[in-house]
Ligand code: FES
Ligand code: FES
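Residue numbers (my numbering): 121 to 301.
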């Protein structure tokens, strides 16, 4: 297969579905997704810490899967769906259940790590929805994130609370469906 030759200085128009809306912007082949989101699209909710895939601050969801934006090139998301922390709240700006739990449990201080943690948690919570995860599992999931100031205990408490609440809601909905069957 013949691929077009890319010059390091050439610019490409990258188009993505960002938080449900089509957004297009120029990117050099080497431009990181973090820089593209922040500097080309103005989506500054995604933070940049280590730029080495270690701290997790830059975590976004690509096609629904949590990934490091600092280890992704902008051109790799062309034609794909990208969700960032800006898209978590409802359209009316109402915090979602996870954000509300973080607020209730004081699970953030400076907030630098929070955007990435929320994106990882929301992906992970959907995947474990059928059961209530253990504290150990939550801590393992969070091990991909470095928080310098909050300490992890309130973050774990917030995630566990949401997992339990979502499980109960799902359980009640299933019970309701069975009683009408
Ligand atoms: S900035 Fe991407 S993992 Fe730290
Ligand atoms: S809240 Fe400050 S680094 Fe996590």
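Quick reminder that beta carbons are idealized off the backbone N, C-alpha and C, glycines included.
Hey, quick one: how far does the beta strand (DSSP E) through residue i stretch, first residue to last?
i: residue 203; result: 201-203
In this structure, how does DSSP classify residue i when only helix, strand and coil are distinguished?
i: residue 176; result: coil
i: residue 133; result: strand
i: residue 128; result: coil
i: residue 145; result: strand
i: residue 214; result: coil
i: residue 228; result: coil
i: residue 249; result: coil
i: residue 330; result: Nothing can be reported for residue 330: it is not among the residues displayed for the chain, which extend from 121 to 301.
Tell me, which residues are paired with residue i by DSSP?
i: residue 152; result: 193
i: residue 181; result: 186, 203
i: residue 385; result: Only positions 121 to 301 of the chain appear in this structure, which leaves residue 385 out of reach.
Roughly how many angstroms separate the alpha carbons of residue i and residue j, rounded to a whole number?
i: residue 196; j: residue 254; result: 35 Å
i: residue 163; j: residue 233; result: 16 Å
i: residue 226; j: residue 214; result: 18 Å
i: residue 168; j: residue 246; result: 25 Å
i: residue 287; j: residue 183; result: 24 Å
i: residue 258; j: residue 127; result: 44 Å
i: residue 265; j: residue 170; result: 11 Å
i: residue 282; j: residue 289; result: 10 Å
i: residue 229; j: residue 269; result: 6 Å
i: residue 210; j: residue 139; result: 11 Å
i: residue 240; j: residue 179; result: 7 Å
i: residue 131; j: residue 173; result: 25 Å
i: residue 141; j: residue 198; result: 13 Å
i: residue 152; j: residue 222; result: 29 Å
i: residue 158; j: residue 267; result: 21 Å
i: residue 242; j: residue 200; result: 19 Å
i: residue 156; j: residue 295; result: 46 Å
Just curious, the alpha helix (DSSP H) that residue i is in, first and last residue?
i: residue 188; result: Residue 188 -> not in any alpha helix (DSSP H); beta strand (DSSP E) instead, spanning 185-188.
i: residue 273; result: 273-300
i: residue 233; result: Taken as a continuous stretch (DSSP letters only), residue 233 belongs to no alpha helix (DSSP H), as it is neither H nor E.
Please tell me whether, using a cut-off of 7 Å, the distance from the CB of residue i to the nearest non-hydrogen atom of ligand 2 is below it.
i: residue 241; result: no
i: residue 246; result: no
i: residue 238; result: no
Does the beta-carbon of residue i, which I'm using as the reference point, lie nearer than 7 Å to any heavy atom of ligand 1?
i: residue 175; result: yes
i: residue 172; result: yes
i: residue 178; result: yes
i: residue 134; result: no
i: residue 205; result: no
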